[in-house]
Amino acid sequence: MSSTARRSPSSSSSATESPPPPITTRSATKPAYCSTAARPGGYVLTFPASVIPEASRLWLLTADTPNSVEMILNPINKYVVAGYPPGLVRNRDGSISIHIARVRPPGVPEANWLPVGFRPFNVMLRLYLVVPGSAAANNTYVPPPVVPR
Numbered sequence: 022m023s024s025t026a027r028r029s030p031s032s033s034s035s036a037t038e039s040p041p042p043p044i045t046t047r048s049a050t051k052p053a054y055c056s057t058a059a060r061p062g063g064y065v066l067t068f069p070a071s072v073i074p075e076a077s078r079l080w081l082l083t084a085d086t087p088n089s090v091e092m093i094l095n096p097i098n099k100y101v102v103a104g105y106p107p108g109l110v111r112n113r114d115g116s117i118s119i120h121i122a123r124v125r126p127p128g129v130p131e132a133n134w135l136p137v138g139f140r141p142f143n144v145m146l147r148l149y150l151v152v153p154g155s156a157a158a159n160n161t162y163v164p165p166p167v168v169p170r
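Residue 22 is where the sequence shown starts when you use this note's numbering, and the numbers rise one by one after that.
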């Protein structure tokens, strides 16, 4: 499975400008993708309060197909969890847990759930207009791992 952070250039907001290459972290002991066929309970990504992405505009988490980077189709047409209100619920310690599963787990707010199907997928984190001086701006930000539930 992979966690990918994609930064938008902070010096320009031009829609025609190409984004920089993704920042990718991978564990050598785990596959580069997730699959709910192999893990029916899904996965969870928890951003500790100190590691929540620092983006001036917004951050988005999506599940994409491994080979073509297309959104994973789902029956409720929800394709993103975004780091802005309304609805995204923080845990008591200030962290944010995002559940990635075919079916929304009991007790998980819809805003904190990213629906996926049965096929393998990559999880991609996109940061738009990173905060100057932040770990993302300095190219040292490492997203937390996506772990099985």
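Think of the CB as a built atom: it goes at the ideal place given N, C-alpha and C, for glycine as much as any other residue.
### Query
If you measure from the beta carbon of Arg111 to each beta carbon in chain E, is any gap under 7 angstroms?
The chain labelled as chain E is not found in the depicted structure, where only one protein chain is given.
#### Entry: Inter-residue Cα distance where the pair is Pro87 and Asn143
Rounded to whole angstroms, the separation of the alpha carbons of Asn143 and Pro87 is 6 angstroms.
### Query
Among all the DSSP beta bridges, which residues are the ones paired with Ile119?
Leu66
### Query
Per DSSP, Asp85 is paired with what?
Looking at the DSSP assignment, Asp85 forms a beta bridge with Met92, Asn143.
#### Entry: Cβ-based neighbour list, Ala156, same chain, cut-off 6 angstroms, excluding 5 preceding and 5 following
When the five nearest sequence neighbours on each side are left out, the beta carbons in the same chain lying within less than 6 angstroms of the beta carbon of Ala156 are those of Tyr162, in order along the chain.
### Query
When we look at the beta-carbon of Asn112 and count the other beta-carbons within 10 Å, is it buried (16 or more) or exposed?
exposed
### Query
Between Pro166 and Thr67, what straight-line distance do the alpha-carbon atoms span, to the nearest angstrom?
8 angstroms
### Query
For Arg170, is the classification buried or exposed, using 16 other Cβ atoms within 10 angstroms of its Cβ as the cut-off for buried?
exposed
### Ala122 burial status per 10 Å Cβ neighbour count (16 or more: buried)
buried
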